[in-house]
Amino acid sequence: MAIKIQVLDNILEMNESYAAENRRLFDEHKAFVINMMSSPGSGKTTLLERTLERLDPSQIAIIEGDMRTTRDAERLERFGCRILQICTGNACHLDGKMIHDAAKEMDLKGVRLLVIENVGNLVCPAEFRVGEDAKIVVLSVTEGEDKPLKYPLMFREASLCIFNKIDLLPHLDFSLEEARENARQINPQLKFLDISCKTGQGLEEWTDWLQGRMKG
Amino acid sequence: MHEMGLVQNIVDIVLKTAEQNGITKVLRINIRAGQLRAIVPKQLQFCFEILSRESKILQGAELVVETLPVKGKCKSCKHEFPVNEYRFVCPECEHEDIDVLQGMELLVANIEVA
Chain A
0 MAIKIQVLDN ILEMNESYAA ENRRLFDEHK AFVINMMSSP GSGKTTLLER
50 TLERLDPSQI AIIEGDMRTT RDAERLERFG CRILQICTGN ACHLDGKMIH
100 DAAKEMDLKG VRLLVIENVG NLVCPAEFRV GEDAKIVVLS VTEGEDKPLK
150 YPLMFREASL CIFNKIDLLP HLDFSLEEAR ENARQINPQL KFLDISCKTG
200 QGLEEWTDWL QGRMKG
Chain B
0 MHEMGLVQNI VDIVLKTAEQ NGITKVLRIN IRAGQLRAIV PKQLQFCFEI
50 LSRESKILQG AELVVETLPV KGKCKSCKHE FPVNEYRFVC PECEHEDIDV
100 LQGMELLVAN IEVA
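Protein sequences, first through last, are from chains A and B.
The opening residue of the first sequence carries number 0 in numbering that gives the first Met the number 0; numbering runs sequentially from there.
The opening residue of the second sequence carries number 0 in numbering that gives the first Met the number 0; numbering runs sequentially from there.
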């Protein structure tokens with residue numbers, strides 16, 4: 000006869016406590032922290048390049064997450080911002096502990112914006128809080144309008160959704176309206192920005208959005 | 000592939016519980032996972048099989064996942080309702096600011112032991 004023992008322990012407890020500790024550290028430095036997530040190839044790094052051209056790089060720090068290579072960090076290094084690359088090996092996401100270790104190595108003094116560029120993946124990164132102020136999901140218009148319906152947690156958790164590469168819209172059957180409708184169904188509070196890093200469309204709204212939230 | 004990490008956490012929690020209660024054999028582990036977590040039970044079970052092989056306490060134990068459907072509560076009219084197809088809109092007043100009452104859980108609910 001089996002005996003039942005009640006446990007009720009949160010499986011993500013360890014991650015949550017690292018995230019909370021990160022949160023305290025970021026607040027101490029008065030840094031606004033965004034966790035950028037998307038599928039691979041949606042244009043996150045290019046968007047960051049355009050962002051660093053428009054904001055003061057000395058106030059920005061970036062944590063790059065990739066399974067392999069330091070290519071993204073190398074692309075961003077020339078702007079003179081603080082940058083740290085995490086190679087996650089086989090892990091498909093960044094978690095609270097990885098960000099905790101990275102943040103300890105970084106000098107966050109004077110940083111008003113910390114960008115965490117997550118591993119390209121619409122599933123796992125949404126599961127793990129890292130101590131961010133806002134989650135941002137980037138969806139390039141070559142990916143299909145139904146992505147929010149297929150990856151609901153990602154779109155539920157995000158507070159801003161960026162439709163990227165909109166200069167390609169004339170060549171595609173992608174309907175921005177339908178994509179927005181799908182995302183709004185899951186997260187009616189979600190805000191949207193339409194951006195082209197090629198033409199510069201929407202970049203001012205993007206940097207305005209960031210600057211409105213950077214503290215002090 | 001973050002299931003392995005989750006299962007490692009599950010194993011840690013169960014072994015800690017077993018130790019605290021002087022348990023030498025775990026028969027069944029009951030997991031509760033909210034639907035929004037999109038947990039694939041078969042993947043968890045596969046990872047568990049690998050991670051439990053070396054443990055006398057866990058060897059052969061069954062990992063059972065109960066998926067909890069999404070439930071919401073309207074912040075405006077306080078109506079509670081099942082959220083079907085991830086449609087976060089109040090069916091009573093069409094308000095769109097909805098608290099998730101259920102659907103984000105991820106916990107070891109209980110273990111059954113010999």
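In this text, a Cβ means the ideal position worked out from N, Cα and C, and glycines have one as well.
At a cut-off of 8 Å between beta-carbon atoms, A:Glu126 makes contact with chain B. For B:Thr16, the neighbours in chain A by C-beta distance under 8 Å run, in chain order, Ile4, Val6, Asp8. Neighbours of A:Pro187 across chain B, judged by C-beta separation under 8 Å: Phe87, Val88, Glu95, Asp96, Ile97. Remark: C-beta atoms of B:Ile30 and B:Val64 approach each other more closely than 8 Å. Annotation for A:Asn21: the continuous alpha helix (DSSP H) segment containing it runs 12-27. The Cβ neighbour count for A:Gly95, taken over all protein chains shown within 10 Å, is at least 16; the residue is labelled buried. For secondary structure counted as the alpha helix (DSSP H) over 4 or more consecutive residues, the segment 89-153 of chain A holds these complete runs in sequence order: 95-104, 146-149.
Bounds of the alpha helix (DSSP H) holding B:Phe45 are 40-51.
Annotation: Cβ neighbours of A:Met13 in chain B (cutoff 8 Å, chain order): Asn8.
A:Gln210 and A:Asp55 have their C-alpha atoms some 11 Å from each other. Rounded to whole angstroms, the Cβ separation of B:Asn109 and A:Ile4 is 6 Å, and the two are in contact under 8 Å. Residue contact with chain A for B:Glu91: absent (no Cβ-Cβ distance below 8 Å to any residue of chain A). DSSP places A:Pro169 in the helix class (H, G or I) of the three-state scheme.
By the 16-neighbour rule on beta-carbons within 10 angstroms, A:Ser174 is exposed. Nearest CB-CB separation between B:Leu57 and chain A: not below the 8 Å threshold. With distances taken between CA atoms, A:Asn163 lies nearest to A:Val137 out of A:His99, A:Gly109, A:Val137. Residues Ala17, Asn20, Ile22, Lys24, Val25, Leu26 of the same chain have their beta carbon placed closer than 8 Å to that of B:Val112, with the five preceding and five following residues left out of the count.
Beta-carbon to beta-carbon, A:Glu116 and A:Asp71 are separated by about 7 Å, close enough to satisfy the 8 Å threshold. Interface annotation for the segment 19-49 of chain A against chain B: empty, criterion Cβ-Cβ distance under 9 Å.
The beta carbon of A:Lys43 is closer than 7 Å to those of Met35, Ser37, Glu116, Val137 in its chain, skipping five residues each way along the sequence. In the structure shown, the three-state DSSP call for A:Asp207 is helix.
Below 8 Å, too few C-beta pairs join the segment 73-81 of chain A and the segment 177-192 of chain A to call them touching: fewer than three.
It is roughly 37 Å from the alpha-carbon of A:Ala157 to the alpha-carbon of B:Ala60.
Linking A:Gln188 to B:Asp98 through their CA atoms gives a straight-line distance of about 12 Å.
Interface annotation, B:Leu35: in contact with chain A, CB-CB separation under 8 Å.
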